[in-house]
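For the record, the sequence lines run as chains F and A. Going by my numbering, the letters in the first sequence line up with residues 221 to 476, in that order. Going by my numbering, the letters in the second sequence line up with residues 12 to 448, in that order. Here's the structure we're looking at; comments come further down.
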Amino acid sequence: MSLLKVENLQAKIEDNQILKGLNLEVNPGEVHAIMGPNGSGKSTLASVIAGREDYEINGGRILFEGEDITDLEVHERAQKGIFLAFQYPVEIPGVSNANFMKSSVNAIREARGEEPLSAKDFLARMREKSALVEIDKSFMSRAVNEGFSGGEKKRNEIFQLAMLEPKLALLDETDSGLDIDALKIVSQGVNTLRNENNAFVLITHYQRLLNYIVPDFVHVLADGKIVKSGGKELALELEEKGYDWVKDHAIEEQTA
Amino acid sequence: MPIQGNNFKERILSSFDIYENHLNGHKDSAQHKVRVDAIKHFESKGLPTLKNELWKYTNVGFLNGLDFKLDITETNHSITKEDIDNLKVEGIDNYVVIVNGFYNDELSSFDTSLEVKSMKTALNDNKVDFEMHYNAYLKNDTNVFSSINTALSFDGVFIKAKKGLVEEKPLHIINIVDTKSGTQFKQARNLIIAEDNSNFKLYETNHTIGDNTGISNISTEIYVGHNTHLEHIKFQNDTDNGIYFAQSEAKQERDSNYTSNTITLNGKFVRNDLGTTHNGENIETHYYGYYYGSGRNLIDNHTMVDHATPHCESNELYKGVLGDSSIGTFNGKILVRPDAQKTNAYQSSKNVLLTDTAKVNAKPELEIYADDVKCSHGSSTGSIDKDALFYLQARGIPKEKAKALLLLAYSQEIIDKITIEPIREYITQQVELKFGM
Numbered sequence: 221m222s223l224l225k226v227e228n229l230q231a232k233i234e235d236n237q238i239l240k241g242l243n244l245e246v247n248p249g250e251v252h253a254i255m256g257p258n259g260s261g262k263s264t265l266a267s268v269i270a271g272r273e274d275y276e277i278n279g280g281r282i283l284f285e286g287e288d289i290t291d292l293e294v295h296e297r298a299q300k301g302i303f304l305a306f307q308y309p310v311e312i313p314g315v316s317n318a319n320f321m322k323s324s325v326n327a328i329r330e331a332r333g334e335e336p337l338s339a340k341d342f343l344a345r346m347r348e349k350s351a352l353v354e355i356d357k358s359f360m361s362r363a364v365n366e367g368f369s370g371g372e373k374k375r376n377e378i379f380q381l382a383m384l385e386p387k388l389a390l391l392d393e394t395d396s397g398l399d400i401d402a403l404k405i406v407s408q409g410v411n412t413l414r415n416e417n418n419a420f421v422l423i424t425h426y427q428r429l430l431n432y433i434v435p436d437f438v439h440v441l442a443d444g445k446i447v448k449s450g451g452k453e454l455a456l457e458l459e460e461k462g463y464d465w466v467k468d469h470a471i472e473e474q475t476a
Numbered sequence: 012m013p014i015q016g017n018n019f020k021e022r023i024l025s026s027f028d029i030y031e032n033h034l035n036g037h038k039d040s041a042q043h044k045v046r047v048d049a050i051k052h053f054e055s056k057g058l059p060t061l062k063n064e065l066w067k068y069t070n071v072g073f074l075n076g077l078d079f080k081l082d083i084t085e086t087n088h089s090i091t092k093e094d095i096d097n098l099k100v101e102g103i104d105n106y107v108v109i110v111n112g113f114y115n116d117e118l119s120s121f122d123t124s125l126e127v128k129s130m131k132t133a134l135n136d137n138k139v140d141f142e143m144h145y146n147a148y149l150k151n152d153t154n155v156f157s158s159i160n161t162a163l164s165f166d167g168v169f170i171k172a173k174k175g176l177v178e179e180k181p182l183h184i185i186n187i188v189d190t191k192s193g194t195q196f197k198q199a200r201n202l203i204i205a206e207d208n209s210n211f212k213l214y215e216t217n218h219t220i221g222d223n224t225g226i227s228n229i230s231t232e233i234y235v236g237h238n239t240h241l242e243h244i245k246f247q248n249d250t251d252n253g254i255y256f257a258q259s260e261a262k263q264e265r266d267s268n269y270t271s272n273t274i275t276l277n278g279k280f281v282r283n284d285l286g287t288t289h290n291g292e293n294i295e296t297h298y299y300g301y302y303y304g305s306g307r308n309l310i311d312n313h314t315m316v317d318h319a320t321p322h323c324e325s326n327e328l329y330k331g332v333l334g335d336s337s338i339g340t341f342n343g344k345i346l347v348r349p350d351a352q353k354t355n356a357y358q359s360s361k362n363v364l365l366t367d368t369a370k371v372n373a374k375p376e377l378e379i380y381a382d383d384v385k386c387s388h389g390s391s392t393g394s395i396d397k398d399a400l401f402y403l404q405a406r407g408i409p410k411e412k413a414k415a416l417l418l419l420a421y422s423q424e425i426i427d428k429i430t431i432e433p434i435r436e437y438i439t440q441q442v443e444l445k446f447g448m
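Below, the structure written as structure tokens:
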């Protein structure tokens with residue numbers, strides 16, 4: 221059974237139809253990259269899978285481990301093991317990273333019928349996972365993302381990913397705005413976390429990230445649909461030929 | 012002796028007549044003249060209407076419809092030590108209890124270097140203090156609730172810190188209205204004197220005990236001497252039977268620091284009037300406030316900082332969260348008089364509306380007559396940050412819990428200003444309870 225199965229997904233925001241019948245299947249152990257020009261619907265796809273209410277799903281469905289999750293709430297999806305690393309992580313004044321993660325870890329454990337993590341175990345896990353993305357200890361008592369640099373925010377996303385150990389991680393342009401050092405740290409974090417039981421969907425505009433996190437599959441999204449899929453070499457081809465190549469290609473296919 | 016009829020003004024006036032008839036020849040005293048002036052003022056003004064600029068968002072007409080007992084000399088009540096145990100805060104050992112406007116020695120318990128006694132006692136014992144400070148700061152001419160209090164209050168608590176006194180242990184002022192036997196209108200009058208170089212902390216709460224409506228009208232005058240530090244916390248988390256009017260007026264001398272923190276979590280109706288007048292240089296005034304309205308709560312905070320002297324600073328931050336059909340009002344005024352050069356005055360009012368039916372009225376006012384000053388004010392009203400909510404939910408935190416986390420964080424900025432740890436923790440817990448955490 222596939223981990224994630226997106227079937228003929230159509231989603232709109234207000235009167236703007238963004239996803240126009242998208243299909244995607246992700247199995248445990250796989251890393252998928254979704255590439256595409258600006259406005260093609262990449263981030264929408266990530267948000268819709270995570271359950272953001274701003275979008276209206278007006279066709280198709282999303283299956284997670286065989287279960288239709290199309291109508292589930294955001295937190296219910298997260299509790300089932302879907303993680304969205306945000307393109308723009310939100311600043312939350314007054315809520316410390318430690319408190320945030322404690323609430324998050326325990327909400328997920330509670331949903332699974334597990335006891336809350338003890339303070340000792342929680343701290344140990346915090347320490348272990350923050351080392352993974354080279355986050356300083358003082359960070360724990362700081363408010364979530366408040367005053368963080370772009371790189372720190374993205375590292376924080378990967379830290380949270382490490383803390384929650386989701387089955388499916390959607391990384392929404394995690395590479396954008398990262399310098400090469402931060403990109404390496406983030407990629408290394410992801411590479412350490414990937415295993416045969418989880419899966420990653422990397423949403424990116426550029427091929428650069430894929431030098432560090434090597435995908436099993438690359439999909440090209442254009443005008444709300446996946447217009448081309450292939451192996452990791454497709455990313456290089458795209459880099460060389462540009463997105464117009466696939467757009468033209470898509471039009472050819474449609475008219476053929 | 013109960014008075015018939017529900018017209019508030021008539022009832023207050025006839026209550027005063029009855030009181031005066033029982034005086035038997037003490038009508039010439041200076042004290043009595045103060046009362047007569049005050050009742051005359053109320054008689055000429057009556058209850059404020061929405062046309063009154065200071066009451067334009069808050070209708071007190073409901074007072075006319077309430078059939079309350081107005082027996083101003085009645086001191087009987089049913090409050091017990093067990094009641095007080097429920098109102099105490101763990102870690103705060105000093106508390107003074109006022110029941111139905113009267114200082115209650117039996118229910119109070121304190122071991123403090125502060126002078127704490129009933130106003131009635133102080134009137135005889137502290138004649139000089141009374142001459143200097145009693146009715147010297149309260150604004151009877153602009154607030155009829157102060158006039159009513161001045162005319163018809165007979166007790167309350169007197170608190171004094173002698174010169175140079177430093178009292179580390181905070182004093183909890185517990186103000187109770189007992190409504191078990193019927194709807195009540197009760198008044199307390201407090202006088203707080205912080206002589207030069209003193210330093211202490213007050214924590215004030217108000218409670219309605221009983222199933223009927225309790226109207227409290229509390230007037231407090233505060234003298235903040237040279238180089239004095241006074242932290243004054245008010246925590247208002249009454250039942251839905253509580254109607255609360257509070258006026259607090261301070262006079263600050265040079266180099267003094269007065270911090271007021273008013274946190275309101277419940278009450279049918281709450282009106283806080285808070286004022287400070289500067290009388291010297293290098294004075295600091297800090298006003299913090301947090302209010303959370305639910306149900307049909309009405310919470311109104313009016314503040315005024317009178318910068319009458321140069322080189323002083325005031326800093327004000329009020330934050331509100333309004334849910335259900337509650338109404339919140341913030342009207343903060345900063346007055347910078349012509350002499351008050353080099354004033355720094357900052358004011359900020361922020362509100363979050365949780366529903367379409369909740370309402371907020373925010374009215375910052377800046378009146379500046381000096382030219383070399385730094386003043387700013389800002390006011391914002393919004394709803395819960397949707398992006399933040401989505402972010403928390405995307406980490407598995409259920410929506411209601413996520414909202415609570417965000418709202419608690421929002422209030423924390425105000426609560427964290429409290430320097431008394433047990434109180435800070437207690438209030439944080441109470442806010443958490445409010446948000447179902």
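Note that the Cβ used here is the ideal one computed from N, Cα and C, for glycine as well.
Among A:Ile187, A:Gln440, A:Val71 and A:Glu432, which residue has its Cα nearest to the Cα of Ala415 of chain A?
One-based indexing of the second sequence puts residue 415 of chain A at position 404. Of the listed residues, the one whose Cα sits closest to Ala415 of chain A is A:Gln440.
Interfacial residues, the region 399 to 417 of chain A to chain F, with Cβ spacing under 8 Å
Ala399, Phe401, Tyr402, Leu403, Gln404, Ala405, Arg406, Gly407, Ile408, Pro409, Lys410, Lys412, Ala413, Leu416 and Leu417
Buried or exposed: Met143 of chain A, going by 16 or more other Cβ atoms within 10 Å of its Cβ?
To locate residue 143 of chain A, count along the second sequence from 1; it is residue 132. That one is exposed.
Give a yes or no on whether 8 Å exceeds the smallest Cβ distance from Ala442 of chain F to chain A.
For the purposes of this step, residue 442 of chain F is taken as the residue at position 222 of the first sequence. By this cut-off, Ala442 of chain F is not an interface position.
Quick check on Phe446 of chain A: does DSSP put it in helix, strand or coil?
Mapped onto the second sequence, residue 446 of chain A falls at position 435. Residue state, collapsed to three classes: coil.
Does any residue of chain D have a CB that is nearer than 8 Å to the CB of Ile289 of chain F?
You won't find chain D in this structure, because its protein chains are F and A.
Any chain F beta carbon closer than 8 Å to Tyr421 of chain A
Mapped onto the second sequence, residue 421 of chain A falls at position 410. Judged by the 8 Å Cβ criterion, Tyr421 of chain A is in contact with chain F.
Could you tell me the distance, in whole angstroms, from the CA atom of Ala476 of chain F to the CA atom of Glu227 of chain F?
Residue numbering aside, residue 476 of chain F sits at position 256 when the first sequence is read from its first letter. Residue numbering aside, residue 227 of chain F sits at position 7 when the first sequence is read from its first letter. Here Ala476 of chain F scores only 46 on pLDDT, less than 50, and its place in the model is too uncertain to base an answer on.
Residue span of the alpha helix (DSSP H) that contains Arg347 of chain F, given as start and end
Within the first sequence, numbered from 1, the residue matching residue 347 of chain F stands at position 127. Looking at the DSSP string, the run of the alpha helix (DSSP H) that includes Arg347 of chain F is Ala339 to Leu352.
So that I know if they touch, is there some Cβ in chain F lying closer than 8 Å to that of Glu424 of chain A?
To locate residue 424 of chain A, count along the second sequence from 1; it is residue 413. So yes, Glu424 of chain A belongs to the interface.
For Met12 of chain A, the three-state DSSP class (helix, strand or coil)
Residue 12 of chain A sits at position 1 when you count from the first residue of the second sequence. Only weak support exists for where Met12 of chain A lies, its pLDDT of 43 falling under 50; the value from the coordinates is given anyway. DSSP places Met12 of chain A in coil when its eight states are reduced to three.
Within the continuous beta strand (DSSP E) that includes Phe437 of chain F, where are the two ends?
On the first sequence, residue 437 of chain F is found 217 positions in, with the first residue counted as 1. Its beta strand (DSSP E) spans residues Phe437 to Ala442.
In three-state DSSP terms, what is Tyr145 of chain A?
Your numbering for residue 145 of chain A matches position 134 in the second sequence. Three-state DSSP puts Tyr145 of chain A in coil, outside helix and strand.
Under 8 Å, Cβ to Cβ, is there at least one residue of chain A near Leu304 of chain F?
Within the first sequence, residue 304 of chain F is the residue found at index 84, counting from 1. It does: the Cβ of Leu304 of chain F has a partner Cβ on chain A nearer than 8 Å.
Straight-line Cα distance separating Lys322 of chain F from Ala49 of chain A
Your numbering for residue 49 of chain A matches position 38 in the second sequence. Your numbering for residue 322 of chain F matches position 102 in the first sequence. Using only the alpha carbons, I get a separation of about 57 Å.
Measuring CB to CB, does Gly334 of chain A end up less than 8 Å from Ala369 of chain A?
Position 323 of the second sequence, counted from the first residue, corresponds to residue 334 of chain A. Position 358 of the second sequence, counted from the first residue, corresponds to residue 369 of chain A. Against a cut-off of 8 Å, the Cβ pair of Ala369 of chain A and Gly334 of chain A comes out as a contact.
Where Val177 of chain A sits in the DSSP three-state scheme:
Residue mapping note: residue 177 of chain A aligns to position 166 of the second sequence, counting from 1. Looking at Val177 of chain A - three-state DSSP - the assignment turns out to be strand.
Can you pull the DSSP bridge partners for Val168 of chain A?
Within the second sequence, residue 168 of chain A is the residue found at index 157, counting from 1. Bridge partners of Val168 of chain A: A:Ser129.
Just checking my contact of His237 of chain A with Glu260 of chain A at CB under 8 Å: how many whole Å lie between their CB atoms?
If you number the second sequence from 1, residue 237 of chain A lands on position 226. If you number the second sequence from 1, residue 260 of chain A lands on position 249. Between Glu260 of chain A and His237 of chain A the Cβ distance is about 19 Å, and since that is not below 8 Å, they are no contact.
Per-residue contacts from Leu384 of chain F into chain A (C-beta, under 8 Å):
The residue you call residue 384 of chain F lines up with position 164 of the first sequence. By Cβ distance, chain A contributes Arg406 and Gly407.
Which chain A residues sit within Cβ distance under 8 Å of Gln380 of chain F?
Counting from 1 along the first sequence, the entry for residue 380 of chain F is found at position 160. Neighbours of Gln380 of chain F on chain A, chain order: Arg406.
Quick check: the region 89 to 99 of chain A against the region 393 to 409 of chain A, are there 3 or more CB pairs under 8 Å?
no
In chain A, what lies closer than 9 Å to Glu293 of chain F by C-beta?
As a first step, residue 293 of chain F must be located in the first sequence, where it is residue number 73. Under the 9 Å cutoff, chain A gives Gln404, Pro409 and Lys410.
To the nearest angstrom, report how far apart Asp222 of chain A and Lys197 of chain A are at their CA atoms.
Here residue 222 of chain A refers to the residue found at position 211 of the second sequence. Here residue 197 of chain A refers to the residue found at position 186 of the second sequence. So the alpha carbons of these two residues sit roughly 16 Å apart.
Spatially closest choice to Leu213 of chain A from A:Ile203, A:Asp207 and A:Leu118, by CA coordinates
For the purposes of this step, residue 213 of chain A is taken as the residue at position 202 of the second sequence. Leu213 of chain A has its Cα closest to that of A:Ile203, out of A:Ile203, A:Asp207 and A:Leu118.
So for Gly424 of chain A, helix, strand or coil by DSSP?
Against the second sequence, residue 424 of chain A aligns to sequence position 413. The displayed chain sequence assigns Glu, not Gly, to residue 424 of chain A. Helix, per DSSP.
Skipping 5 residues on each side, what residues in its chain have a beta carbon closer than 7 Å to that of Glu377 of chain F?
For the purposes of this step, residue 377 of chain F is taken as residue 157 along the first sequence, with counting starting at 1. Here the set comprises Ala305, Phe306, Pro309 and Thr394.
State buried or exposed for Asp464 of chain F, treating a residue as buried only when at least 16 other CB atoms are found within 10 Å of its CB.
In the first sequence, the residue the question calls residue 464 of chain F occupies position 244. With fewer than 16 Cβ atoms within 10 Å of its Cβ, Asp464 of chain F is classed as exposed.
Using a C-beta cutoff of 8 Å, does Arg272 of chain F count as contacting chain A?
Counting from one through the first sequence, the residue named residue 272 of chain F turns up at place 52. So, interface residue.
Would you please verify whether the beta carbon of Gly261 of chain F is less than 8 Å from any beta carbon of chain A?
Along the first sequence, read from residue 1 onward, the residue named residue 261 of chain F stands at position 41. It does not; no Cβ of chain A falls within 8 Å.
Give me the Cα-Cα distance between Lys349 of chain F and Phe379 of chain F, rounded to the nearest whole angstrom.
Within the first sequence, residue 349 of chain F is the residue found at index 129, counting from 1. Within the first sequence, residue 379 of chain F is the residue found at index 159, counting from 1. So the alpha carbons of these two residues sit roughly 6 Å apart.
Closer than 8 Å, CB to CB, is Gln299 of chain F near chain A or not?
For this step, residue 299 of chain F is matched to residue 79 along the first sequence. True, the Cβ-Cβ gap to chain A drops below 8 Å.
Pick helix, strand or coil for Asp152 of chain A, following the three-state DSSP scheme.
Position 141 of the second sequence, counting from 1, holds the residue named residue 152 of chain A. DSSP places Asp152 of chain A in coil when its eight states are reduced to three.
Quick one: which unbroken alpha helix (DSSP H) runs of 4-plus residues sit fully inside the region 301 to 335 of chain F? Chain order, please.
317 to 331
Tell me where the beta strand (DSSP E) around Asp451 of chain A begins and ends.
Residue 451 of chain A cannot be examined here, being either before or after the span of chain A that is shown, 12 to 448.
May I ask you to verify whether the region 153 to 162 of chain A touches the region 76 to 92 of chain A, counting CB pairs closer than 8 Å and requiring at least 3?
no
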